[in-house]
Amino acid sequence: MKPIYFKILILASIVSLACTTKVSEWVLLNTLPNQYTLIYFYKNSLNEAIVKQNELLGKDITPANIHFKSIERKDIEQPYYGLYYGNRFFSRYNEYKDLRGLTTSPLREKIAAEIMSGKLCVLLYLTTDSKTKDEKGLQVIQEALKSSPFKNIISVAELSRNDKEESHFISLLLNVEDDLKRINEPMLFGVFGRFKALEPLLGKGITEENIKLMIDFLTADCSCLIKDDLPGMDILFTEKWDNPATALVNKILDDNPSLLHH
Amino acid sequence: MDQDTLTYDSLSNRPLPKWLTDQRDGLTTIQPVKKEMKADNSLSVSFTVTGAIIFLVITVLTIVILRKKKNHSL
Numbered sequence: 093m094k095p096i097y098f099k100i101l102i103l104a105s106i107v108s109l110a111c112t113t114k115v116s117e118w119v120l121l122n123t124l125p126n127q128y129t130l131i132y133f134y135k136n137s138l139n140e141a142i143v144k145q146n147e148l149l150g151k152d153i154t155p156a157n158i159h160f161k162s163i164e165r166k167d168i169e170q171p172y173y174g175l176y177y178g179n180r181f182f183s184r185y186n187e188y189k190d191l192r193g194l195t196t197s198p199l200r201e202k203i204a205a206e207i208m209s210g211k212l213c214v215l216l217y218l219t220t221d222s223k224t225k226d227e228k229g230l231q232v233i234q235e236a237l238k239s240s241p242f243k244n245i246i247s248v249a250e251l252s253r254n255d256k257e258e259s260h261f262i263s264l265l266l267n268v269e270d271d272l273k274r275i276n277e278p279m280l281f282g283v284f285g286r287f288k289a290l291e292p293l294l295g296k297g298i299t300e301e302n303i304k305l306m307i308d309f310l311t312a313d314c315s316c317l318i319k320d321d322l323p324g325m326d327i328l329f330t331e332k333w334d335n336p337a338t339a340l341v342n343k344i345l346d347d348n349p350s351l352l353h354h
Numbered sequence: 062m063d064q065d066t067l068t069y070d071s072l073s074n075r076p077l078p079k080w081l082t083d084q085r086d087g088l089t090t091i092q093p094v095k096k097e098m099k100a101d102n103s104l105s106v107s108f109t110v111t112g113a114i115i116f117l118v119i120t121v122l123t124i125v126i127l128r129k130k131k132n133h134s135l
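Which chain is which? The protein sequence lines are A and B, in order. According to the numbering used here, the first sequence is numbered sequentially starting from 93. According to the numbering used here, the second sequence is numbered sequentially starting from 62.
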């Protein structure tokens with residue numbers, strides 16, 4: 093075989109493999125998380141203590157998907173920190189201590205570890221502390237997973253929206269869509285890739301059918317249509333996402349070709 | 062994020078996430094090329110071309126034969 097034909101054959105194989113990578117795996121391996129911006133707004137000048145404090149803060153949050161900068165504004169009474177995602181304003185922090193745990197938290201670390209271990213996704217159930225509502229949704233999630241062939245590669249994490257330790261994480265989740273803060277219903281976020289959270293299923297929308305569609309979305313071939321318009325929002329986190337374990341979904345699909353869908 | 066501009070009057074009317082409706086409706090997969098019905102003109106084109114060729118061949122042969130005949134008569 094002429095070398096040129098051999099090269100074309102290899103190239104074609106690589107291209108065909110790229111098109112059959114599953115959405116969850118493709119996003120983890122190829123998409124960089126979108127950046128947040130933290131801005132310190134101040135009036136007049138910065139004193140030395142604040143400069144040092146902000147230098148420390150900048151170093152502290154640098155490993156995460158966030159930039160930090162200071163901007164002078166004449167129209168403010170008090171200095172404050174503002175968190176932005178793209179052009180969207182997310183949160184205001186009046187004091188330095190309010191930023192503690194902004195870029196990482198125990199649950200975020202646990203979820204990232206699950207994703208890095210090759211799991212398909214983590215279903216994050218954000219509860220309301222209303223027992224009736226929460227238990228109903230949880231039952232549906234458990235039923236949906238029981239019948240799913242992917243149940244062993246999907247983790248479920250529960251989080252109360254009033255959890256103080258995870259307050260920054262909860263705030264980020266409730267900013268995935270701009271009306272979520274006003275809705276006091278249980279929410280189910282599909283977390284995958286480099287901490288990308290899909291727009292949630294909420295309240296009565298948490299159904300077995302919708303959970304199955306979420307799993308279908310994550311186990312489908314990553315078409316260009318998905319690559320060009322990835323849904324969801326990236327959560328602020330410090331993980332480097334280097335060397336994730338092989339995606340476990342591939343073994344399940346190889347063993348059960350009938351589960352393959354495009 | 063894409064649904065930020067959507068409005069709804071009650072929670073039960075809140076639109077489902079776009080990724081979910083796209084997945085349900087099969088819009089996230091590569092869509093097959095849509096086949097459209099077109100008028101089939103191949104038969105009439107075939108007749109016209111065949112007729113034209115026959116006409117051309119007959120014309121050429123007629124001219125050739127007539128010329129040969131003319132040369133013989135001289």
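We put the CB at the ideal spot given by N, CA and C, even for glycine.
Asked	Found
Length of the line joining the Cα atoms of residue 79 (chain B) and residue 113 (chain B)	58 Å
Proximal residues, the segment 233-264 of chain A versus chain B, C-beta separation under 9 Å	none
Under 8 Å by beta carbon: chain A residues contacting residue 79 (chain B)	291, 323
Residue burial classification, residue 260 (chain A) (beta-carbon count within 10 angstroms, cutoff 16)	buried
Inter-residue spacing [alpha-carbon to alpha-carbon] between residue 276 (chain A) and residue 266 (chain A)	11 Å
Distance, residue 77 (chain B) Cα to residue 63 (chain B) Cα	Low per-residue confidence applies at residue 63 (chain B): pLDDT is 49, beneath 50, and the placement is therefore not dependable enough to give any value.
Three-pair Cβ contact test at 8 Å for the segment 162-176 of chain A versus the segment 289-298 of chain A	no
C-beta neighbour in chain A for residue 85 (chain B), strict 7 Å	yes
Member of A:325, A:283, A:135, A:329 whose CA lies at the smallest distance from the CA of residue 117 (chain A)	A:283
Euclidean distance between Cα positions of residue 270 (chain A) and residue 133 (chain A)	23 Å
Where residue 239 (chain A) falls, given that 16 or more other Cβ within 10 Å makes a residue buried	exposed
Cβ contact (3+ pairs, closer than 8 Å) linking the segment 296-309 of chain A and the segment 103-112 of chain B	no
Near-chain A residues of the segment 93-127 of chain B - C-beta to any C-beta below 7 Å	none
Within-7 Å CB hit, residue 309 (chain A) to chain B	yes
CB of residue 95 (chain A) within 7 Å of CB of residue 330 (chain A), strictly	no
Local Cβ density within 10 Å of residue 84 (chain B), reported as buried at 16 or more and exposed below that	buried
Test: residue 305 (chain A) CB closer than 7 Å to a CB of chain B	yes
Short Cβ contact (7 Å threshold) for residue 253 (chain A) with residue 262 (chain A)	yes
Neighbourhood of residue 244 (chain A) by C-beta distance below 6 Å, restricted to the same chain and skipping five residues each side	none
Stretch-stretch touch, CB-based, cutoff 8 Å, three pairs: the segment 176-187 of chain A with the segment 126-143 of chain A	yes
Euclidean distance between Cα positions of residue 146 (chain A) and residue 296 (chain A)	44 Å
Sheet register partners of residue 213 (chain A) (DSSP bridge)	A:246
Residue 275 (chain A): contacting residues in chain B (beta-carbon distance under 9 Å)	72, 75
Chain-ordered neighbours of residue 122 (chain A) on chain B, where CB pairs are closer than 8 Å	Simply none; closest approach about 17 Å.
Euclidean distance between Cα positions of residue 227 (chain A) and residue 249 (chain A)	14 Å
Local Cβ density within 10 Å of residue 168 (chain A), reported as buried at 16 or more and exposed below that	exposed
Per-residue contacts from residue 295 (chain A) into chain B (C-beta, under 9 Å)	72, 73, 75
Straight-line Cα distance separating residue 137 (chain A) from residue 338 (chain A)	51 Å
Within 7 Å, strictly: CB atoms of residue 212 (chain A) and residue 246 (chain A)	yes
For residue 128 (chain A), three-class secondary structure by DSSP	strand
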